[in-house]
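Enquirer:
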Amino acid sequence: MNVRKAVIPAAGLGTRFLPATKSQPKEMLPIVDKPAIQYVVEEAVRAGIGDILIITGRGKRTLEDHFDRSFELEHHLEQKGKHDQLKQVRAITEMAAIHYIRQRDPLGLGAAVAVAESHVSGEPFAVLLGDDIIDPHETLLEAMIHVYERYGRSVIAVKEVPRSEISLYGAVNPEFVEDGLARIVNIVEKPPAAEAPSNLAAIGRYLLTPEIFDAIRTISPDKAGEVQLTDAINLLAQEQAVYALVYEGTRYDIGKKIDYLRATVEVAIRREDLSKEFRAFLADLVQRERLI
Numbered sequence: 261m262n263v264r265k266a267v268i269p270a271a272g273l274g275t276r277f278l279p280a281t282k283s284q285p286k287e288m289l290p291i292v293d294k295p296a297i298q299y300v301v302e303e304a305v306r307a308g309i310g311d312i313l314i315i316t317g318r319g320k321r322t323l324e325d326h327f328d329r330s331f332e333l334e335h336h337l338e339q340k341g342k343h344d345q346l347k348q349v350r351a352i353t354e355m356a357a358i359h360y361i362r363q364r365d366p367l368g369l370g371a372a373v374a375v376a377e378s379h380v381s382g383e384p385f386a387v388l389l390g391d392d393i394i395d396p397h398e399t400l401l402e403a404m405i406h407v408y409e410r411y412g413r414s415v416i417a418v419k420e421v422p423r424s425e426i427s428l429y430g431a432v433n434p435e436f437v438e439d440g441l442a443r444i445v446n447i448v449e450k451p452p453a454a455e456a457p458s459n460l461a462a463i464g465r466y467l468l469t470p471e472i473f474d475a476i477r478t479i480s481p482d483k484a485g486e487v488q489l490t491d492a493i494n495l496l497a498q499e500q501a502v503y504a505l506v507y508e509g510t511r512y513d514i515g516k517k518i519d520y521l522r523a524t525v526e527v528a529i530r531r532e533d534l535s536k537e538f539r540a541f542l543a544d545l546v547q548r549e550r551l552i
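Using the numbering used here, the first residue of the sequence shown is number 261, and each one after it goes up by one.
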């Protein structure tokens, strides 16, 4: 069965980026001139996915507004002869069929994914975290889909991180079946560094078969009362093969301030309309800092 649907959980409170996220969703923080979540939607579309469910929460209405038509703005741009900007604005609303559902309570990623069960209707589906940005030049999601097409099982993306940081992630115990691809023996949510089975960390890209919903219903909430998707994947991995695809490219966690700054700088210097002037500014900035 083809992967036609994607789920983007975007109901989190964004506490790591306060106070900016007090009244603005972290997924709407701009990277240059485009909100973070648009990069995520575009990634799904590039992989051939045209049906996207965004899971929102209280105070997230601007997410829906961004992907909706803005007739007043379009009329203004048309009247002013700003046809390039008009084309750009319209393209946002036409890139995919985007649906929305609210998660009533922010009770963990597993609970957020569970909300999508009726929408995915028994099909395999991708899960892309709304504040995780993959380099737009990379083809991680496409590679995950290829793995699913070969094996017919769930696939998660993992990335090597320093052992000192593994306690921030789900850590995979891998059994490699080929270069860069492992069957998951087990996966542990945020283990102490000394107890982590490896330094392969689950990042915000998953391709899941519908059996994940039974696993989510089976597991218990953690000590904080949250339902962890990692625990459900671990349970599923004991019942059937679940694969981990090692990603070696660039990933930005937009909820992390230093990653947000990295993303802004690195995306800007790759832009044809900004690169020359921005690189000159950065070179001048470095020179001035050396003189202080």
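Positions of the beta carbon are idealized from the N, C-alpha and C atoms, including for glycine.
#1: Between which residues of its own chain and E377 is the CB-CB distance below 6 Å, once the five residues before and five after are set aside?
#2: Using the beta-carbon count (16 or more within 10 Å), is F327 buried or exposed?
#3: Using 10 angstroms around the beta-carbon of D544, count the other beta-carbons present and answer buried if the total reaches 16, otherwise exposed.
#4: Quick one: is M288 buried, meaning 16 or more other Cβ sit within 10 Å of its Cβ, or exposed?
#5: Rounded C-beta distance between G462 and V418? I'm assuming under 8 Å.
#6: Write down the C-beta distance between G509 and L388 rounded to the nearest angstrom, noting that I regard them as a contact closer than 8 Å.
#7: Whether or not the segment 527-541 and the segment 474-481 are in contact is what I'm after, with contact meaning three or more pairs of Cβ atoms, one per stretch, closer than 8 Å; do they touch?
#8: Compute the Euclidean distance between the alpha carbons of R350 and V506, then round it to the nearest angstrom.
#9: Output the boundary residues of the beta strand (DSSP E) element that contains F385.
#10: Going by DSSP in three states, S414 sits in which element: helix, strand or coil?
#11: Would you kindly work out how many angstroms separate the C-alpha atoms of I471 and K282, rounded to a whole number?
#12: For a test of the three-state rule: what should DSSP assign to N433, helix, strand or coil?
#13: Leaving out the 5 sequence neighbours to the left and right, which residues in its chain are closer than 8 Å to Y429 when beta-carbon positions are compared?
#14: Mind checking S414: buried by the 16 CB within 10 Å criterion, or exposed?
#15: What does the Cβ neighbour count give for M261, buried or exposed, with the cut at 16 atoms within 10 Å?
#16: Excluding the 5 residues flanking N446 on each side, which residues of the same chain have their C-beta closer than 6 Å to its C-beta?
#17: Using 10 angstroms around the beta-carbon of A280, count the other beta-carbons present and answer buried if the total reaches 16, otherwise exposed.
#18: Within 8 Å, do at least three Cβ pairs link the segment 268-275 to the segment 315-335?
#19: Within 10 Å of its beta-carbon, does G485 have 16 or more other beta-carbons around it, so buried, or fewer, so exposed?
#20: By the three-class DSSP mapping on this structure, what secondary structure does Y512 have?
#21: Determine the direct distance from the alpha carbon of L521 to that of D395, and round the result to whole angstroms.
#22: Could you check which residue in E537, V546, R550, R443 has the C-alpha nearest to that of E499?
#23: DSSP three-state call for G370: helix, strand or coil?
#24: Taking only three categories from DSSP, how would you classify R362?
#25: Can you name, in chain order, every residue of its own chain whose Cβ lies under 7 Å from the Cβ of A501, other than the five neighbours on each side?
#26: Please state whether DSSP places A461 in a helix, a strand or coil.
#27: Under DSSP, the alpha helix (DSSP H) around T490 begins and ends at which residues?
Expert: Reading from the atomic positions:
#1: F473
#2: buried
#3: exposed
#4: buried
#5: With the sequence shown as reference, residue 462 is identified as Ala, and Gly is not the correct amino acid for it. A462 to V418, Cβ: 6 Å. Contact.
#6: Not a contact, Cβ separation roughly 15 Å.
#7: no
#8: 36 Å
#9: 385-388
#10: strand
#11: A quick correction: the sequence has Glu, not Ile, at residue 471. Going from the Cα of E471 to the Cα of K282 covers about 36 Å.
#12: strand
#13: V421, K450, A461, A462, I463
#14: buried
#15: exposed
#16: N433, N494
#17: exposed
#18: yes
#19: exposed
#20: strand
#21: 14 Å
#22: R443
#23: helix
#24: strand
#25: Y411, R413, R443
#26: strand
#27: 489-499
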